[in-house]
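Numbering of the sequence shown is given in this note's numbering, commencing with residue 21 and proceeding in unit increments.
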Amino acid sequence: MDQTANQAAAATAPAIDLSSVEAIKDQLRSFMVHSVGVDPDFASQRDWLYALAQLVRGRLSEEYLATARAQYDADARRVYYLSMEYLTGRSLLKHLYDLGVHDRVAEALKDMGQSLEAIQEFEYDAALGNGGLGRLAACYLDSMATHGYPGFGYGIRYEFGMFTQRVEGGQQVEHPETWLRYGNPWEFERPNVIYPVRFRGRLTHFKNETGETVTQWVDTTDVIAMAYDVPVPGYGSGKVVKLRLWSARATRDFDLRYFNEGNYIDAVKDKTISENLSKVLYPMDTTLMGQELRLMQEYFFVSASLQDIIARHHRKHASLDTLPEKVTIQLNDTHPSLAVPELMRLLIDHYDYDFQKAWDLTREVFNYTNHTLLPEALETWPIAMLEAVLPRHLDLIYKINFDFLQQVKYAFPGQPDVLSRMSLIDDAGRRVRMAHLCVVGSRRVNGVAALHTDLMRAHVFADFNRMEPDKFVNVTNGVTQRRWLLQANRPLADLITEAIGEGWKTDLSRLKDLEPLADDSAFRERFAAIKRANKQRFAGMVRDRTGFEIAPDMMFDTQIKRMHEYKRQLLNVLHVITLYNDLRNGRGGDRIPRAVTFGGKAAPGYFMAKLIIRLINDVAMVINHDRSIRDRLKVAFVPNYNVSAAEIIIPGTDLSEQISTAGTEASGTGNMKFALNGALTIGTLDGANIEIKNAVGDDNIFIFGKTADEVGDMRAGGYHPREYYDTNEALRNAVDMIAGGFFNADDPDRYLPIRDTLLSGGDHFFLMADYQSYIETQAQVEAVYADQDAWMRKAIVNVANMGGFSSDRSIHSYAKDIWRVQPVA
Ligand code: 26V
């Protein structure tokens, strides 16, 4: 068939019909028989989930094909988002809302004796990410699809996503997450979309006919990357962004000879080794582990993606000269940094470009987002490892570095120390600095919140910023209101729509129209009733997962995020213990009853983070069982915090804890989700908290603690945490109870390491310095909470001013300032 005939065939293919309850029912039965292969009269809830997903996927496929064809026909400039992580969560409800068929489908299922709410529980969370960085990537694809940007995501189809966390004896225990056990109903397997990815081997050099030295990478060990496509629909846009995830396959599968050589068992053994590449997501998001498998994963993903991008470019364009015109690539942190030398390698070794021309093209294609300033999270790879695994890339990195250091010499004459600071190579440690490679190889580099970008320019990339100031820009993070309000908090979404119309769903700035309603007592009552119902639901989850009872008339105070010392869950615990002491000692008569909930995973090898989880559980045991405080304080650690848990916890929270040491949390995005759902924030002047404060106003947020500048000065000028302990009795009591075995009489020394980090280990994250300010600010929170009218007024003002924190705003800003891409009609 020629192309026009194909087009006609696609247009006449029987369409999925979701326009009526009856049509949905007919097709659900049909998919149950033809796709799931089960008799509808005997189908389980999981069977119904799969039949429904097949039906929805069919519609998404139609929309995707139309989107792709329009982009192809328009020869649109495309943006490729390269991310090792996508923290999607569940998709069913999201897709139903995007397609505008949620209520109709719910009704169809009800007619058939099923419940949408019940069957959606059978979907596994797609947890192909650690935390903020992966969730951000998911929000960004949603916004690109909603607004019709020609976006395309690349990632890895990990067989095991983020581990499942269980709490046993108060401690975190990791279990593998087998999310693919029943198959992923959303993906399209593409056995024909495959690329070889090469590793190891050696370099040979020879002179060609024109006398130039040519380098060849030979004797490599190869793995095949095979594609799986996941459609990401926009909201009401009919547009779909493709997320292409790579899975590793042994080349042996494609090489029958190998099996015929007789060593069948060895052949199969080799196969499992190469297929390990896409086996598991690395579950540590800050501490670096210089593991070869991780390096190989990063390269595997980058190489397949670039080969695919070039193949797509070649469908329309004969030459790669036009690559920077048609393609822009966003590097989500340094994890895909090998894309820079990989594109160089492809241009030079496969397409005959000379170094300079290849470098000019490469630097026009890439952009890089930095997501953390923590030194321990900045990726570097040992030179020796690169030499063994990717010798050609190391060779090109040296050449890039040589060329770059010439520019540095020119820009900063007579300053040899600048050369060694800016070099891509850390000579002392014999390592390659991946962030430097990204900066040098990119056209734009962005931070993820105003403060973060400032700090990035002033510290980690200060020299680079002096050399190329226009390269560095800010794009503050955002979250998609389709998942974090429409789907996660339908009652509030409906109330808002009733009040101001539906515009907010694709233009969050419209929420501003809610602001006058903060003074409307009838509106406030409805808003409060919704919060109460959401708290009830949250309390149910706490009961199911911990056995603890928390009551909706308590203040629900929540901290959910990865467990990390810089995020200071321990500061929260110090407040909880202080509160407990007040209550025990009769100083708490007029205190507001509080339920303090924690949730978050610790990296499996992160001793201190795991110890803090255990402390929270020990503290919870003692406080929750102390009858003397008469249910005025409860503490819970909710196991296995993930996207689906967040969808219940966030709408049911009154007080959002965003208490990182100023200057450490790049942006935070949970802070935005909470405020969007009418929680008030207690937080430091860190990351996007600062911008949230500017948006909602000082009276509608609780700010405490040292500023980033103050923390910086104290670090430089000598900080003495012990002085706070010596002079603050409440703080001393709390620390002594932790260290003295008050919460763990069975093993009283358990928490000595916590006291040591605070008192003798330098208290790296300034808990002691911020304690008093935090305690006082928590008291102010209670004073406001005591006046529920005042509280609800502030909560509504928060919602009304969250317009700037939509991922739509972020994406429009990337599109305009960084990518230079336009929506395709
Ligand atoms: C780092 C590493 C290091 C090597 C092993 C695997 C791994 C995986 C992830 C990371 C990234 C850590 C950086 C990160 O997640 N940053 C968070 O990004 C959010 C989105 O921009 C931001 O809101 C958070 O403040 C920031 O901590």
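Even for Gly, the Cβ is constructed at its ideal location relative to N, Cα and C. In this text the structure is predicted, and so the values were computed from the model without any measurement.
Per DSSP, residue i forms a beta bridge with which residues?
i	result
ASP577	VAL616 and LEU675
GLY171	VAL99
VAL261	VAL252
ILE293	Paired residues: none, contrary to the question.
ALA270	VAL243
SER826	VAL499
GLN11	Here the chain covers residues 21 to 845 and nothing more, so residue 11 does not appear.
Pull up the CB-CB distance for residue i and residue j, whole angstroms please, since I reckon it's below 8 Å.
i	j	result
SER830	ASN390	Between ASN390 and SER830 the Cβ distance is about 15 Å, and since that is not below 8 Å, they are no contact.
LEU696	ALA815	The pair is not a contact, with the Cβ atoms about 11 Å apart (cut-off 8 Å).
LYS654	MET561	The pair is not a contact, with the Cβ atoms about 14 Å apart (cut-off 8 Å).
PRO356	VAL322	5 Å
LYS630	GLN350	With 8 Å as the limit, LYS630 and GLN350 do not qualify as a contact, their Cβ atoms being about 34 Å apart.
LEU591	TYR745	That belief does not hold up - the Cβ atoms of LEU591 and TYR745 are roughly 14 Å apart, past 8 Å.
VAL817	ASN691	16 Å between Cβ atoms; not a contact.
GLY619	VAL658	4 Å
TYR255	THR87	Going by Cβ atoms, the distance from TYR255 to THR87 rounds to 14 Å, so no, they are not a contact pair.
ALA63	THR108	Actually they do not touch by this definition, with Cβ atoms about 26 Å apart.
ARG97	LYS346	5 Å
LEU367	ALA359	Not quite, the Cβ-Cβ distance comes to about 12 Å (not below 8 Å), so this is no contact.
Under DSSP, the beta strand (DSSP E) around residue i begins and ends at which residues?
i	result
PHE208	208 to 219
SER529	Element bounds for SER529: n/a, residue is neither H nor E.
HIS225	222 to 227
ARG544	Element bounds for ARG544: not the beta strand (DSSP E) but the alpha helix (DSSP H), 541 to 566.
By the three-class DSSP mapping on this structure, what secondary structure does residue i have?
i	result
ARG186	strand
TYR373	coil
PHE722	strand
ASP249	strand
ARG604	helix
LEU148	strand
TRP811	helix
PHE785	coil
ASP22	Low local confidence applies: a pLDDT of 48 at ASP22 is under 50, so the model's placement there is unreliable, and no value is given.
VAL234	strand
ARG451	strand
HIS740	coil
HIS195	strand
PHE180	strand
VAL841	coil
LYS836	helix
ILE445	strand
VAL428	helix
VAL300	strand
SER163	helix
PHE62	helix
GLU796	helix
TYR745	helix
GLU585	helix
Need the endpoints of the alpha helix (DSSP H) that residue i sits in, please.
i	result
HIS334	312 to 336
ILE520	510 to 520
THR342	Careful: THR342 lies outside any alpha helix (DSSP H) and carries neither H nor E.
GLY78	65 to 94
PRO436	436 to 442
PRO773	772 to 779
ASP46	41 to 51
LYS713	709 to 716
LEU363	359 to 365
MET757	749 to 759
Practice task
Identify every run of the alpha helix (DSSP H) within the region 453 to 506, keeping only runs that are complete inside it and at least 4 residues long; order them along the chain.
Solution key: The region 453 to 506 contains these whole alpha helix (DSSP H) runs: 454 to 461, 470 to 478 and 482 to 487.
Problem - Runs of alpha helix (DSSP H) lying entirely within the region 623 to 707, each at least 4 residues, in chain order - result: For the region 623 to 707, the full-length alpha helix (DSSP H) segments reaching 4 residues or more read 627 to 644, 663 to 669 and 690 to 696 along the chain.
Handout entry: Those runs of the alpha helix (DSSP H) which lie wholly inside the region 369 to 423 and span at least 4 residues
Key = Inside the region 369 to 423, DSSP marks whole alpha helix (DSSP H) runs of 4 or more residues at positions 375 to 385 and 403 to 409, from first to last along the chain.
Exercise for the section: Starting from the N-terminal side, write out each stretch of the beta strand (DSSP E) that is 3 residues or longer and does not extend beyond the region 101 to 141. Expected result: If only complete runs of 3 or more residues are kept, the region 101 to 141 shows the beta strand (DSSP E) at 106 to 109, in order along the chain.
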